[in-house]
Amino acid sequence: MNAFLYLLVVLIWGTTWIALKWQLGPVPIALSIAYRFGLAALVLFAWLAWRRQLVVPRGRALTWMLAQGLCLFCLNFVCFLNASQTLASGLVAVVFSSAALWNALLARLIHGRAVAPQVLAGGALGLTGLVLLFWPEISGGHASPAGLAWALGGTLCFSTGNLLSAALQQQGLKPVQTNAWGMAVGTAILTGYALLAGLPFTFDASTRYVGALLYLAIPGSVIGFTAYLTLVGRLGPERAAYSTVLFPVVALNVSAWVEGYRWTAPALVGLALVMAGNVLVFRKKASACAPATPSPHPPARA
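Note that the numbering used here numbers the sequence shown so that position 151 is 586, with each residue one more than the last.
1. Here's the rule: buried if 16 or more other CB atoms are within 10 angstroms of the residue's CB, otherwise exposed. What is Ser485?
2. With the cut-off set at 7 Å, would you say Leu666 and Leu440 are in Cβ contact?
3. Between the C-alpha atoms of Ala711 and Val478, what's the straight-line distance to the nearest angstrom?
4. Quick check on the DSSP output: the alpha helix (DSSP H) that includes Ala586 runs from which residue to which?
5. If you drop the 5 nearest sequence neighbours on each side, which residues of the same chain put their C-beta closer than 7 Å to that of Leu634?
6. For Val740 and Val685, I'd like the C-alpha separation in whole angstroms.
7. Can you list, in chain order, the residues of its chain with a C-beta nearer than 8 Å to that of Thr637? Leave out the 5 residues immediately preceding and following it.
8. Quick check on Met436: does DSSP put it in helix, strand or coil?
9. Contact between the region 527-541 and the region 620-629 is defined here as three or more beta-carbon pairs at a separation below 8 Å; is this criterion met?
10. For Ile447, I'd like the list of residues in its chain whose CB is within less than 7 Å of its CB, leaving aside the five on either flank, ordered along the chain.
11. Do you know how far the Cα of Val693 is from the Cα of Trp616?
12. Can you tell me whether Arg669 is buried or exposed, with buried defined as 16 or more other CB within 10 angstroms of its CB?
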């Protein structure tokens, strides 16, 4: 099951980069994200109601759920879409792939969880491979400080949302339940911002935009986030986040097919390093691997 969920996340999120790019245009960024998560939330609420699993988080879980909605389904994507306006998509992917390391460091800082050496080594190896994969874009001088700041901010929001999801799962809530509420929270925040900022409530009815919206909302959000956050609960945030190192490789192949990307010798070496890092992260060591099942009692500082 872990392997299936991992492969599902890599394939789905690896193909959402091109859909994100197709959403940049006449519709304001905040509204494009709100459309996506609003639709995804409706699908999840309908599913939960049909399954009679709709619950309302209360107490500490409610606070964590609101924070997860803000970090994972609002600020995260605002940051990355803004970064994509000034950075090449490959460089944004490189920054985002550092989530595996940020998850491990945040888990150490907040939960006091030991960082497995092979997680850090594998993440560093994967990042080195991605730098080689995207070196032409990096060396081209297209990286603005503001764009890098946006991308780093988005990665930190994503990692914070991972830890919040892990804490919610320790409370007995399923990812599909917290995702529904979190996406609704993100949609409400973004819609409120659009109203206060006076953004035009426009919609692009083109086939490309609508197709991208549907793909991002259903496979990208409903299925992708549920599968990924389930992995967070099963493997721990550090090991689950290594999928973020692999899905840019899928994105490159999509780019080769859609945008004419050409593989080079450094890119092939980079791909080999990414795969080697993946093997290293999942190498079993009893003293280093994160537990597959989280403790039912989350630390008070979570």
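Note that the Cβ used here is the ideal one computed from N, Cα and C, for glycine as well.
In this text, all values refer to a predicted model and were calculated from it rather than measured experimentally.
According to the data block:
1. A quick correction: the sequence has Trp, not Ser, at residue 485. Exposed.
2. Yes, they are a contact pair.
3. Looking at the two C-alpha atoms, the distance is approximately 38 Å.
4. It spans Pro580 to Gln605 - the alpha helix (DSSP H) in which Ala586 sits, taken as one unbroken run.
5. Around Leu634: Pro463, Ala465 and Leu466.
6. Because the chain here runs from 436 to 737, residue 740 falls outside it and cannot be looked at.
7. Here the set comprises Pro461, Val462, Pro463 and Leu466.
8. Three-state DSSP puts Met436 in coil, outside helix and strand.
9. The region 527-541 makes no contact with the region 620-629: fewer than 3 CB pairs, one atom from each, lie closer than 8 Å.
10. If we look at Ile447 and ignore the five residues flanking it on each side, its Cβ neighbours are Pro654, Gly655, Ile658 and Gly659.
11. Taking the straight line joining both Cα atoms gives about 35 Å.
12. Arg669 sits buried, since 16 or more C-beta atoms from the chains shown fall within 10 Å of its C-beta.
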